[in-house]
Amino acid sequence: MSKQNNNLSHITKSLDEILKTRPILSKILESHEITDYLKPAFEWNPNERDFPYKNLLCDIICSEVHRLYGKDISDGVRKQFRQAWSVETGAHLHIPKKFDRVTKQNGPQITPLLFQGQVLWASVGYSYGFTYNMSLNSGRIPPNNINSGAYIEFNSIPSLRTVASKYKETPQSYIPSIKGIELQEKKRLVESYFLQKSITEDEYIRAQAILYIFENETGGFSDQVAVSHAHMLNTATQSTITQVTLDSELIGLQLFSHLLDTHDSVIYKIFSDSELRKKFMKTFQDISTGWNSDESPFNELYEHNTSKVLCMRNYSGDLEIGNLKQLILRKKLLPRGVMKFFMFIVECGICPIGGWNQSAYCTDIRDRSVEFLKEIGLTERAQHVEMIPTNIAGIAPAWGFKTSNDGIVHLLDAISVYDKPLTKKEFENIAHISSRDALLIALPSLYSFLLDPKLAPSLDQIYLFVKDENSVKY
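What follows is the structure in structure tokens.
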């Protein structure tokens with residue numbers, strides 16, 4: 002068998018194994034272009050009669066957009082939501098970088114795949130006439146996660162930590178702003194690195210831009226990370242479409258608080274009735290990002306020792322509405338991921354567009370919600386929930402390679418594109434990549450993450466297989 006046939010056999014086998022592990026990704030191959038695959042999300046636009054709290058969530062989101070990005074962008078996002086009620090939710094709140102970990106720079110990476118997925122979603126949105134790319138990304142994860150705002154990446158020296166190590170287990174949503182003497186010290190370090198020629202001019206400019214954002218955003222660490230993320234994607238795409246990034250946990254908390262005060266909401270019905278609450282918890286247990294039979298739908302924030310630093314654990318206390326509201330006011334309670342997405346989907350009807358994992362568990366949440374709603378007499382709502390296209394994995398397909406000086410093929414990463422931004426034409430072309438190629442380019446990283454990095458096909462093999470496609474950037 003020729004080397005080319007060997008490569009094809011390995012790629013085909015690897016793709017089959019991925020589709021067995023994540024069957025939800027098989028729908029990608031049913032479409033010609035990636036735009037066709039994502040089309041149902043961009044056409045999803047239910048009315049408020051079907052989802053009574055759609056406008057409430059829209060108001061909460063737009064209020065946060067106004068706070069971080071200004072009135073004009075907030076008004077634009079609100080107008081765009083009248084066209085499509087879908088939002089990208091597939092990444093953790095993070096500052097984009099090249100590598101998953103500073104100490105691991107070889108082999109397939111997840112971080113560039115997330116970047117490419119977010120840009121791909123933005124490109125398809127632009128092809129549908131969108132002006133803004135809205136990302137609700139989770140600030141639940143702490144800085145010790147591979148995708149967070151923990152540091153600004155440099156190539157030749159250790160990366161610059163943005164946040165003290167004492168916060169390594171604190172959800173980013175609950176870390177205070179980095180400011181004052183601490184921030185000035187980081188700015189001096191970057192100046193020193195540049196004067197000593199330890200970092201390049203491009204690295205210096207990027208680091209200073211992020212630290213400038215940190216200086217101007219004082220509402221909390223997750224605000225600083227969200228606006229930094231938006232800045233980096235806007236630079237990478239030359240603002241062909243305007244990136245707007247928010248912390249989805251802050252949105253979810255506000256929504257939960259409002260719904261607890263609203264007697265007609267499903268959330269109020271659940272938490273005002275102990276038997277219904279037990280039924281809800283049992284129905285939705287054992288879903289990824291949720292709870293098991295020994296846990297509740299919430300995490301609580303507690304002070305670790307005497308450090309006053311908040312850490313997160315299962316909340317095992319009283320689930321009565323009054324108590325939950327008090328804990329929210331004291332910033333001691335955080336709904337788990339399943340709880341958050343249940344509210345987004347069932348109460349508000351928004352379509353969350355996630356990645357290869359989130360699309361699967363959000364579809365599980367949707368399907369269990371349909372049965373739950375029917376069982377409690379909300380049949381009409383169940384019918385509307387069933388129509389939400391949660392099974393679309395917007396953050397999984399990819400679109401581009403780069404080849405290093407030594408000839409090794411890598412996924413095109415956020416830092417490389419930040420330093421050499423996409424032209425308008427290159428950005429537009431991403432939306433028209435074939436669905437097959439988009440999944441194949443992601444295959445090595447997906448295989449490494451979901452199965453076995455040692456058995457994953459190499460990007461070199463994939464590159465040779467799809468390199469003649471004009472829509473892919475190399």
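Whatever position you read off the sequence shown (first residue = 1), add 1 for our numbering. Where a beta carbon is used, it is the ideal one built from N, C-alpha and C, also for glycine.
- Looking at the DSSP output, Q359 bridges to nothing.
- The beta carbons of V120 and I431 sit about 7 Å from each other, so the pair counts as a contact at 8 Å.
- In the DSSP assignment, S87 falls within the beta strand (DSSP E) that extends over S87 to E89.
- Under the three-state reduction of DSSP output, L423 falls in the coil class, being neither helix nor strand.
- In this chain, T380 is not harboured by any beta strand (DSSP E); it is covered by the alpha helix (DSSP H) spanning T380 to V386.
- Comparing alpha carbon positions, the residue from E376, P458, L452 and K40 closest to T22 is L452.
- Under the three-state reduction of DSSP, R331 is assigned to coil, being neither helix nor strand.
- Counting the other CB atoms within 10 Å of its CB gives G355 a total of 16 or more, which places it among the buried residues.
- Secondary structure of V410 (DSSP, three-state): strand.
- Only residues of its own chain outside the window of five on either side were considered, and among them E348 and C349 have a CB closer than 6 Å to the CB of Y54, listed in chain order.
- When the alpha-carbon of A151 is set against those of H33, L94 and N324, the nearest one is in L94.
- For the 8 Å CB-CB criterion, L423 and A210 do not form a contact.
- The Cβ atoms of L277 and I271 lie closer than 8 Å to each other.
- DSSP assignment within the stretch 251 to 287 yields the following whole alpha helix (DSSP H) runs of 4 residues or more, N-terminal first: 267 to 272 and 275 to 284.
- Y213 is classed as exposed because its beta carbon has fewer than 16 other beta carbons within 10 Å across all chains shown.
- Cβ atoms of I179 and F215 come within 8 Å of each other, at about 6 Å.
- Looking at the DSSP output, H93 shares a beta bridge with S139.
- For A394, the enclosing beta strand (DSSP E) begins and ends at A394 to I396.
- In the DSSP assignment, R314 falls within the unbroken beta strand (DSSP E) covering L311 to N315.
- Pairing D287 with N293, the inter-Cα distance amounts to about 5 Å.
- If you ignore the 5 residues before and after T36, its C-beta comes within less than 7 Å of the C-beta of V125, S128, A432 and H433, all in its own chain and listed in chain order.
- Closest in C-alpha terms to E170, from the list Q225, L161 and V310, comes V310.
- Between the C-alpha atoms of F402 and V467 there is a straight-line separation of about 11 Å.
- One alpha carbon belongs to Y38, the other to P390, and they sit about 11 Å apart.
- Between G91 and I396, the C-beta gap is smaller than 8 Å, which places the two residues in contact.
- Around the beta carbon of R314, a 10 Å sphere encloses fewer than 16 other beta carbons of the protein chains shown; the residue is thus reported as exposed.
- The Cβ atoms of I200 and F155 sit closer than 8 Å to each other.
- For the 8 Å CB-CB criterion, I96 and I252 do not form a contact.
- Along the stretch 104 to 188, the beta strand (DSSP E) occurs as fully enclosed runs of 3 or more residues at 133 to 138, listed in sequence order.
- If you ignore the 5 residues before and after K375, its C-beta comes within less than 8 Å of the C-beta of A383, all in its own chain and listed in chain order.
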